[in-house]
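In the UniProt record's numbering, the protein residues as written are 1 to 575.
Notes to accompany the following structure.
Take a look at the structure:
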């Protein structure tokens, strides 16, 4: 008999054999037998069926499976081929395919060998893949240890929020990251050419939405600073409360003793408190307060464990004194921000935010509401322990607007299939909104906790090319060349009321509904491009979100949607 493992002529051990009897069967001396079988303790550990050598062993480079069942492995170089590897290890090229096809991470066949690929050179359990320096999910994250038996490599190091992890070790929420597909051999960790291939938490379907809300929540935000504008003003007492169930005052701030501060320069607070048949909610923070250097740490410091009890006590007192129906927190954003040039936060921001909400929820009157605003962007939302937060909230305002803006310019993560970031994309794109809704529901938040954002304003750009209005067309930057609104006076933003005036009275090139983004598009003065929601689009969105069992909607902002008549001389300024 021939022993393939040791490349020698062999005898098979039977019950009762000893080294002496085996030497006799082999026709050699006992000393020769020990020389040919040098394993320590062999004579005391013989077992039936075991093969022992009767001739000298021929040296072999053919790798063998480890005793723990792992295959003999090799990390490839860029110039390796199956033929060169096989020749070096006394194998056939077909052996390498046999050992790796359908099992080894990242293996796509002998025709696609590349460097830094860890493969099997024998039968056995496949090895851990080579770490990838920038991988953030999956088994290629540096420092990842082999899992226990039965745990798939693809389930190691899942993405935050249960977002999709691709074969390159990157997280995302779009089909580019979320489509599960393998390479030609069907191996784990592979994808077709030029595709990412999802390995865990795959799919972009909205989930966790079997049960709808008991009552549809209809939120309107009121910009208390709208009187800073020369026109398009709205008094708080003029708000049409029949359209809403909740009115959010934007925004309260926090002083250096963690007291609640409401800026009532224009005397609208009393009118807000006097509103009837609607919940009056005080919202803290906002974009400007969260980002301005003088107030950037306001919410961060207030939620610091050493200050949080004082802050909560002051909130309770203010709510009681003013007869408010609830509070809302709009921190944009805790943690390490993805926004270029913005101050960096702290890794403790998310846990502190959660701890604050837990404490506040525990002492807040049950008939009153606690809510937060949450970003619809993975890079910002991943800092929020959003599933745990949702257990201590009445609802979440999900900011599914401002999906794009001038800030996208030259930011490669901002837009799919537009590395320069300056393509003409709608800030209320429905497809991207659906991806965001899938993200937060996959993260564990039930749909009936989420009010979906809608807008009463548009985002505008200065086009790079006259007549080029499609999503692959470009806008100018980095500084906005969009014309400011007559009232809002901020390049890149136009109130719906201003857009309506432009459509009626301006030099219009195109005004149309775009089914691809479920948005309205206005092109005027040759190079001005605006995406927005008109009344029909907004109504259809609300009905769609309701059909998916979301809690309701949140409109930013009431005072941007129409001419109220509260302006002192609106006609004189507008025309």
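Just so you know, even glycine gets a beta-carbon here, dropped at the ideal spot from N, CA and C.
Original post:
Does the beta-carbon distance from residue 293 to residue 299 come in below 8 Å?
Top reply: On the chain shown, residue 293 is found 293 positions in, with the first residue counted as 1. On the chain shown, residue 299 is found 299 positions in, with the first residue counted as 1. No. Outside cutoff.
Subject >> Residues near residue 392 in its chain [Cβ-Cβ closer than 6 Å; skip 5 each side] >> reply: The count along the chain shown starts at 1 and reaches residue 392 at position 392. So the list reads 357, 358 and 361, once near-sequence residues are dropped.
Original post:
Considering only C-alpha positions, which residue in the set 247, 257, 176 and 258 is nearest to residue 272?
Top reply: For the purposes of this step, residue 272 is taken as residue 272 along the chain shown, with counting starting at 1. For residue 272, the closest of 247, 257, 176 and 258 by C-alpha to C-alpha distance is 247.
**OP:** Have a look at the DSSP bridge pairing and note the partners of residue 494.
**Re:** Counting from 1 along the chain shown, the entry for residue 494 is found at position 494. 458.
Subject >> residue 1, buried or exposed, once every other Cβ within 10 Å from all chains shown has been counted against 16 >> reply: Indexing the chain shown from 1 puts residue 1 at position 1. It is exposed - the Cβ of residue 1 has fewer than 16 other Cβ atoms within 10 Å.
**OP:** Look at residue 249 and residue 217 and say whether their C-beta atoms are less than 8 Å apart.
**Re:** For the purposes of this step, residue 249 is identified with residue 249 of the chain shown, where counting begins at 1. For the purposes of this step, residue 217 is identified with residue 217 of the chain shown, where counting begins at 1. Taking 8 Å as the Cβ cut-off, residue 249 and residue 217 do not qualify as a contacting pair.
Subject >> Sequence-distant residues of the same chain with beta carbon closer than 7 Å to residue 301, five excluded per side >> reply: Reading the chain shown from its first residue, position 301 is the one you call residue 301. If we look at residue 301 and ignore the five residues flanking it on each side, its Cβ neighbours are 307.
Original post:
Going along the chain, which residues of its own chain have a beta-carbon closer than 7 Å to the beta-carbon of residue 156, five neighbours each way excluded?
Top reply: Position 156 of the chain shown holds residue 156. Excluding residues within five positions, the ones whose Cβ falls inside 7 Å are 138, 139, 144 and 147.
Original post:
Given that a residue counts as buried once 16 or more other Cβ atoms are within 10 Å of its Cβ, and exposed if not, what is residue 309?
Top reply: On the chain shown, residue 309 is found 309 positions in, with the first residue counted as 1. Exposed, because fewer than 16 other Cβ atoms sit within 10 Å of the Cβ of residue 309.
**OP:** Could you pull out every residue in the same chain whose Cβ sits closer than 7 Å to the Cβ of residue 186, ignoring the five residues on either side in sequence?
**Re:** Reading the chain shown from its first residue, position 186 is the one you call residue 186. Cβ within range, chain order: 102.
Subject >> Neighbourhood of residue 451 by C-beta, 6 Å cutoff - its chain only, sequence neighbours within 5 removed >> reply: As a working note, residue 451 is residue 451 in the chain shown. Within the same chain, residue 451 has close Cβ partners 217, 219, 395, 397, 551, 552, 553 and 554.
Subject >> Residue interval of the alpha helix (DSSP H) (run including residue 274) >> reply: Residue mapping note: residue 274 aligns to position 274 of the chain shown, counting from 1. Residue 274 -> no alpha helix (DSSP H), and no H or E assigned at all.
**OP:** Give every residue of the same chain whose Cβ lies closer than 7 Å to the Cβ of residue 325, excluding the five residues on either side of it in the sequence, and list them in chain order.
**Re:** Position 325 of the chain shown holds residue 325. The answer, listed in chain order, is 279, 280, 281, 368 and 369.
**OP:** Report the residue from 162, 223, 270 and 168 whose alpha carbon sits nearest the alpha carbon of residue 142.
**Re:** Taking the chain shown and counting its residues from 1, one reaches residue 142 at position 142. With distances taken between Cα atoms, residue 142 lies closest to 168.
Original post:
Using the rule of at least 16 other Cβ atoms within 10 Å of the residue's Cβ for burial, across every protein chain shown, is residue 328 buried or exposed?
Top reply: Here residue 328 corresponds to residue number 328 of the chain shown, with the count starting at 1. Buried: at least 16 other Cβ atoms inside 10 Å.
Original post:
Is residue 200 helix, strand or coil by DSSP?
Top reply: Looking up residue 200 in the chain shown gives position 200. Strand at residue 200.
Original post:
With C-beta atoms as the reference, is residue 182 less than 8 Å away from residue 197?
Top reply: Along the chain shown, one-based indexing puts residue 182 at 182. Along the chain shown, one-based indexing puts residue 197 at 197. Going by C-beta atoms, residue 182 is nearer than 8 Å to residue 197.
Subject >> Cutoff 6 Å; reference residue 566; Cβ partners in own chain excluding five residues on either side >> reply: Position 566 of the chain shown, counted from the first residue, corresponds to residue 566. Excluding the 5 residues flanking it on each side, residue 566 has same chain C-beta neighbours closer than 6 Å at 233, 234, 235 and 238, in chain order.
**OP:** Determine the burial state of residue 205: buried for a count of at least 16 other Cβ atoms within 10 Å of its Cβ, exposed for fewer.
**Re:** By one-based count along the chain shown, residue 205 stands at place 205. Exposed, by the Cβ-count rule.
**OP:** Over the uninterrupted alpha helix (DSSP H) stretch that includes residue 186, give me the two end residues.
**Re:** Counted from its first residue, the chain shown places residue 186 at position 186. No alpha helix (DSSP H) holds residue 186; DSSP gives it neither H nor E.
**OP:** Taking residue 71 as the reference, give the member of 277, 96, 242 and 56 with the closest Cα.
**Re:** In the chain shown, the residue the question calls residue 71 occupies position 71. The candidate whose alpha carbon is nearest that of residue 71 is 96.
Original post:
Closest to residue 212 by CA distance: which of 458, 448 and 486 is it?
Top reply: Along the chain shown, read from residue 1 onward, the residue named residue 212 stands at position 212. With distances taken between Cα atoms, residue 212 lies closest to 448.
Original post:
To the nearest whole angstrom, what separates the beta carbons of residue 491 and residue 506, a pair I think is in contact under 8 Å?
Top reply: In the chain shown, residue 491 corresponds to position 491, counting from 1. In the chain shown, residue 506 corresponds to position 506, counting from 1. So it is not a contact: roughly 16 Å between Cβ atoms.
Original post:
Grouping DSSP H, G and I as helix and E and B as strand, with all else coil, what is residue 575?
Top reply: Position 575 of the chain shown holds residue 575. Only weak support exists for where residue 575 lies, its pLDDT of 46 falling under 50; the coordinates are left without a value.
Original post:
Within 10 angstroms of its Cβ, does residue 63 collect 16 or more other Cβ (buried), or is it exposed?
Top reply: Residue numbering aside, residue 63 sits at position 63 when the chain shown is read from its first letter. Per the 10 Å Cβ criterion, buried.
Original post:
Which of the three DSSP states, helix, strand or coil, is assigned to residue 308?
Top reply: Numbered from its first residue, the chain shown carries residue 308 at position 308. Note: residue 308 maps to helix in three-state DSSP.
Subject >> Cβ-based neighbour list, residue 503, same chain, cut-off 6 Å, excluding 5 preceding and 5 following >> reply: Here residue 503 corresponds to residue number 503 of the chain shown, with the count starting at 1. So the list reads 511, once near-sequence residues are dropped.
Subject >> When 74, 78 and 158 are compared against residue 122, the one with the closest alpha-carbon >> reply: Looking up residue 122 in the chain shown gives position 122. Minimum Cα distance to residue 122 is reached at 74.
Original post:
Would you call residue 258 buried or exposed, if buried means 16 or more other Cβ atoms sit within 10 Å of its Cβ?
Top reply: Working through the chain shown from its first residue, we reach residue 258 at position 258. Residue 258 should be labelled buried.
**OP:** Check whether the Cβ atoms of residue 401 and residue 556 lie closer than 8 Å to each other.
**Re:** Taking the chain shown and counting its residues from 1, the one referred to as residue 401 is at position 401. Taking the chain shown and counting its residues from 1, the one referred to as residue 556 is at position 556. Yes. Within cutoff.
Original post:
By how many angstroms is the C-alpha of residue 135 removed from the C-alpha of residue 114?
Top reply: Position 114 of the chain shown holds residue 114. Position 135 of the chain shown holds residue 135. So the two alpha carbons sit approximately 18 Å from each other.
Original post:
In terms of residues, what are the limits of the alpha helix (DSSP H) holding residue 379?
Top reply: Within the chain shown, the letter at position 379 stands for residue 379. Counted as a single uninterrupted DSSP element, the alpha helix (DSSP H) harbouring residue 379 occupies residues 378 to 381.
Original post:
Roughly how many angstroms lie between the CA atoms of residue 20 and residue 30, to the nearest whole one?
Top reply: Start at 1 with the first residue of the chain shown, and residue 20 comes out as number 20. Start at 1 with the first residue of the chain shown, and residue 30 comes out as number 30. Rounded to the nearest angstrom, the two C-alpha atoms are 6 Å apart.
Subject >> Contacts around residue 483, its chain only, beta-carbon distance under 6 Å, and the 5 residues preceding and following it disregarded >> reply: Mapped onto the chain shown, residue 483 falls at position 483. The residues are 528.
Subject >> Sheet register partners of residue 554 (DSSP bridge) >> reply: In the chain shown, the residue the question calls residue 554 occupies position 554. BP columns for residue 554 point to 219 and 453.
Subject >> CB contact flag (residue 542, residue 530, <8 Å) >> reply: By one-based count along the chain shown, residue 542 stands at place 542. By one-based count along the chain shown, residue 530 stands at place 530. No, Cβ-Cβ distance for residue 542 and residue 530 is not below 8 Å.
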